[in-house]
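Here the structure comes first, spelled out in structure tokens, and everything after it is commentary.
Chains as they are written, first to last, in my numbering: chain C, 268 to 535; chain U, 268 to 535; chain G, 268 to 535.
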């Protein structure tokens, strides 16, 4: 696959200048980190979840991020209200299918969100996206190449069927829509040793989607920035605790040279 | 305006000795940091929010902190119950008008709290306090001096009308009641690069209010201590992630000499 | 009391290899830290709390951790559903009696959990466990030895009556069941200067209980590992903020030599 350069810094600069409001209905475990990663990027997080105000809040936002990690029935109803308002305004809606497949409730509510509202970007790890796609993926005991090709196919098909951008995170991240498919090879194994990197990645994608209408490019640029910061942090951290704080430090200071030098992106 | 010295260290020592219980009904994004900043000051945070126990919990506390950042209708009802119990006991009630003005729900619920319970200290940024005061404030494109004078007037009037202490945080913080008006010039721009400094400031004010009946003095002393810790942290941090952790470190170790040497307080 | 060595490293290795799923219904203040400490140990936290999915989620877990720190009536109902499911599957259920004694609601709900479900490990500080045991304990103004003996008796009796393992945390931790009684002398005063060490300790105990059927041994090994990491962190931290991050770092890297060299365990 050909290596390419994407101008992630241009979008990061747009975020820093425009300071878009990113509305979240996210999970209670990582809610602080989701808000903080948006703030550190230079944007403005809002985490309102009351049924009575989410439609109005979505109207003042530039992107909406949903995450079903700690869903309840009522919380998903508020997500739907927010998403419909976001759809009306025409801002991108990102859904983290966190934990889908683990319980019937998660499956049911995830599909309700996909069927009753327009989700612009759906994001998960390989097993979550496979579940959403209605396919089985063997994530253990299969060699990396075969999994990767399989996953690209799953992402592409889901993207076509649901008419949305699909992001599969993992050792390699896949960003697929009906046009381009990007593979991002940035990131560091330390990211898997703390809670919240997946949720934060979704918030980052939502923030980049707020300033760039090409959603696959936005998602790819967001992942590149976030994961480069993680790589830098992992090199200087003494473990997962200090890693997270340094990741915020590096993301805050991330500059053009670092992004262009460290990015590892391929196009399928 | 004349520069003055306030004895913030005396109150900090009282907190460390008395270890007052500070009851919060706060926002889910920053709830850990609100609890932790209280703990690091030497006091004892309690974050109970169940309608069935908040009245009893407020009765064992020395101050009550409310924050509508992630309000719901039910949560505000619990806030009212807690506030009425705190009013009965005679402990100070602090309200962070977080995000007021953003939605009709926030406006409605914020005014219900102010009308149905006795709020002793109301705190927000300039646009939030202007909203509570029913005034319009131009926070962009106006030169600093004019805004400042305008804000002092807004704070003073709101204080008179609502019979409470008013705190406006920003580059300069204003603390106003019917007696003194303090301007605090401590703090650091890095505080605006993380989520939660505003909420933590409210918890700090509540903690100082638990040991000092002059609530304007308590709020001013709390802000001085918190913001001096932030200044120290900003000098040694490599970015917003490490900044927050170091802010807790400096606040924990804050001593009399540092407070007296670094404080920048004026009286109007 | 005779000093003994327990093979905490063996269990830690089991956790790192087996990566058990630890289901939590915990408190909203410390939920991130509870999840993260489990992750840093090498296990897999799940924090689902919806009434409709907790039974199913508990069925895919290897231990269930409950914490009533920010309880509501509805949340405790979900805890009961999860606990009954965990009981059916035969996985250990750990209850942190966080804040019991502070309000009638807490007392009522804590006893409902104990009476209506099988709690395998109950954990609290001395006043919380005394409350659960229906006894009064003087925790201030009494010399350490007398308190300690008193507490051991309380733990032993509660363990017999409730047929569960009892953990009392404090300067010395007591782990009691009908067989062994362990006293753990690890830990550091800095742990009391941040919010969440108690809650995290419960999550650690739940994680160790997932891989070891001798629950008293599991609890003792978990506390030893957690508190040794805290001791290491306290030595190199500049205050409570950096302490917590370093605690995660040390826990992640904890090795056999450090555990065996630093552990301070006695058997009664």
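In this text, a Cβ means the ideal position worked out from N, Cα and C, and glycines have one as well.
Check: If we call anything under 8 Å between Cβ atoms a contact, is residue 336(U) one with residue 366(U)?; Outcome: yes
Check: Contact check, residue 509(C) vs residue 513(G) under 8 Å by CB: the rounded distance?; Outcome: 7 Å
Check: Using a Cβ-Cβ cutoff of less than 6 Å, which residues in the same chain neighbour residue 529(C) once the five nearest sequence positions on both sides are dropped?; Outcome: 495
Check: Examine the Cβ distances between the region 304-312 of chain U and the region 321-331 of chain G and report whether three or more of them are shorter than 8 Å.; Outcome: no
Check: Output yes if chain G places a C-beta closer than 8 Å to the C-beta of residue 398(C); else output no.; Outcome: no
Check: Checking 8 Å against the spacing of the C-beta atoms, do residue 431(C) and residue 472(C) come in under that value?; Outcome: no
Check: Here's the rule: buried if 16 or more other CB atoms are within 10 angstroms of the residue's CB, otherwise exposed. What is residue 269(C)?; Outcome: exposed
Check: If you draw a straight line from the alpha carbon of residue 559(G) to that of residue 455(C), how long is it in whole angstroms?; Outcome: Because chain G here runs from 268 to 535, residue 559(G) falls outside it and cannot be looked at.
Check: Have a look at residue 524(C) and residue 457(U) and give me their C-alpha separation to the nearest angstrom.; Outcome: 23 Å
Check: Looking at the structure shown, is residue 396(G) part of a helix, part of a strand, or coil, going by DSSP?; Outcome: helix
Check: With three or more C-beta pairs closer than 8 Å as the rule, is the region 279-298 of chain U touching the region 442-451 of chain G?; Outcome: no
Check: List the residues of chain U whose Cβ lies closer than 7 Å to the Cβ of residue 303(C), in chain order.; Outcome: 461 and 462
Check: Answer yes or no: does any C-beta atom of chain G fall closer than 8 Å to that of residue 375(U)?; Outcome: no
Check: How about residue 273(G) and residue 474(G): do their beta carbons lie closer than 8 Å?; Outcome: no
Check: Quick one: what's residue 312(C) bridged to in DSSP?; Outcome: 289(C)
Check: What distance in whole Å lies between the Cβ atoms of residue 401(C) and residue 435(C), which are believed to be in contact at a cut-off of 8 Å?; Outcome: The Cβ separation is near 15 Å, so there is no contact.
Check: From this set, 460(U), 396(U), 481(U) and 497(U), which residue's C-alpha is nearest residue 441(U)'s C-alpha?; Outcome: 396(U)
Check: What are the start and end residues of each continuous beta strand (DSSP E) run of 3 or more residues lying completely inside the region 470-525 of chain C, in chain order?; Outcome: none
Check: Using 10 angstroms around the beta-carbon of residue 534(C), count the other beta-carbons present and answer buried if the total reaches 16, otherwise exposed.; Outcome: exposed
Check: In the DSSP assignment, the beta strand (DSSP E) including residue 444(G) goes from what residue to what residue?; Outcome: Note, residue 444(G): premise wrong, no beta strand (DSSP E); not H, not E.
Check: So, is residue 611(C) buried or exposed, given that buried needs 16 or more other C-beta atoms within 10 angstroms?; Outcome: With chain C covering only 268 through 535, there is no way to say anything about residue 611(C).
Check: With 7 Å as the C-beta to C-beta threshold (strictly closer), list the residues of the region 426-453 of chain G near chain D in chain order.; Outcome: Absent here is chain D; the protein component of the structure consists of chains C, U and G.
Check: Considering Cα atoms alone, identify which of 418(U), 289(U), 311(U) and 465(U) is closest to residue 461(G).; Outcome: 311(U)
Check: If we ignore side chains and look at the alpha-carbon of each, how far apart do residue 479(G) and residue 486(G) end up?; Outcome: 9 Å
Check: Determine the closest residue to residue 467(C) out of 502(C), 515(C) and 449(C), with distance taken between C-alpha atoms.; Outcome: 515(C)
Check: Hey, is residue 287(C)'s beta-carbon within less than 8 Å of any beta-carbon in chain U?; Outcome: no
Check: Can you pull the chain C residues whose beta carbon is under 7 Å from the beta carbon of residue 516(G), in chain order?; Outcome: 505, 506, 507, 508 and 509
Check: Keeping to the same chain, check which residues put their C-beta closer than 6 Å to that of residue 385(G); ignore five residues upstream and five downstream.; Outcome: 354
Check: What do you get for residue 465(C), buried or exposed, if any count of 16 or more other CB atoms within 10 angstroms of its CB means buried?; Outcome: buried
Check: Ordered along the chain, which non-local residues of its own chain (more than five positions away) have a Cβ less than 6 Å from that of residue 316(U)?; Outcome: 292 and 345
Check: Going by DSSP, what residues sit across from residue 531(U) in a beta bridge?; Outcome: Note: residue 531(U) sits in no beta bridge, so no partner.
Check: Between residue 519(U) and residue 506(U), what straight-line distance do the alpha-carbon atoms span, to the nearest angstrom?; Outcome: 20 Å
Check: Using the Cβ count rule (16 or more neighbours within 10 Å means buried), how would you classify residue 300(C)?; Outcome: buried
Check: Using only the alpha-carbon positions, how far apart do residue 502(C) and residue 287(G) sit?; Outcome: 28 Å
Check: Per DSSP, residue 391(C) forms a beta bridge with which residues?; Outcome: 435(C)
Check: Put residue 270(G) into one of helix, strand or coil per three-state DSSP.; Outcome: strand
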